[in-house]
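Just so we're aligned, residue 1 is where the sequence shown starts under the UniProt record's numbering, counting upward by one.
Since the structure comes first, as structure tokens, the remarks are kept for the end.
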Amino acid sequence: MNAKVEKALNEQIHAEFFSFYLYLSVAAYFTAHHLDGFAHWMRIQAQEEFGHAMKLFDYLAERGGTVELMALDGPQKEWDSPSVAIEAVLNHERHISQRINEIVDLATAQNDHATTVMLHWYVNEQVEEEATADTLFHQVKMVEDSPHGLLMIDRELAGRPAPVATGTEAQ
Ligand code: OFO
Numbered sequence: 001m002n003a004k005v006e007k008a009l010n011e012q013i014h015a016e017f018f019s020f021y022l023y024l025s026v027a028a029y030f031t032a033h034h035l036d037g038f039a040h041w042m043r044i045q046a047q048e049e050f051g052h053a054m055k056l057f058d059y060l061a062e063r064g065g066t067v068e069l070m071a072l073d074g075p076q077k078e079w080d081s082p083s084v085a086i087e088a089v090l091n092h093e094r095h096i097s098q099r100i101n102e103i104v105d106l107a108t109a110q111n112d113h114a115t116t117v118m119l120h121w122y123v124n125e126q127v128e129e130e131a132t133a134d135t136l137f138h139q140v141k142m143v144e145d146s147p148h149g150l151l152m153i154d155r156e157l158a159g160r161p162a163p164v165a166t167g168t169e170a171q
């Protein structure tokens, strides 16, 4: 396959695995602060990121490309408050959207239509993920000074169902 696209997809696999790692770190932060619903929600989010990485992993293999896994940096471990932690997630999703858009541009410029079409799934997924993180951020910000409000959101987040698929399917 096109070498530039192959490189960009490998870098995106790395970015998705870093998202997995970062969200797991956010989950650990919430667990340490006894907000188990938030921690549960972030663990599921991390699982989804793992799925996003594996979807690209499988796609590269299917196209005869070479998967090159790279070292992951240690993610941030502490945030000043729950809203700051969720804001970090929102900002990270915006960063991922930007990356996806750039790879779509690259694949299109390289006439790699199969990759452009495959990436449309990620473009749509990013719209949803940014919207979800944005809503959660604003809700947490609204109640941040009220433990009661925070616990209500925590209870709600505890109900997020686990992804149905296992293995390498993206969510
Ligand atoms: Fe949360 O994003 Fe992956 O793609």
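Virtual Cβ for every residue (Gly too), placed ideally from N, Cα, C.
Item: Nearest candidate by alpha-carbon position, reference GLY74, set TYR122, HIS14, GLN47; Value: HIS14
Item: Given 8 Å, three or more beta-carbon pairs between the stretch 46-65 and the stretch 8-25; Value: yes
Item: Environment of GLU102 [buried if 16+ CB atoms lie within 10 Å]; Value: exposed
Item: Check: HIS14 C-beta below 7 Å from any heavy atom of the ligand OFO; Value: no
Item: Sequence-distant residues of its chain with Cβ nearer than 6 Å to ALA114 (five each side left out); Value: none
Item: Inter-residue Cα distance where the pair is ALA71 and PHE18; Value: 9 Å
Item: Span of the alpha helix (DSSP H), counted from its first residue to its last, around MET118; Value: 113-143
Item: Host alpha helix (DSSP H) of LYS77 (start-end); Value: That residue, LYS77, is in no alpha helix (DSSP H); it is neither H nor E in DSSP.
Item: C-alpha gap between residue 186 and ILE44, whole angstroms; Value: A question about residue 186 goes unanswered here, because the residues of the chain that appear run from 1 up to 171.
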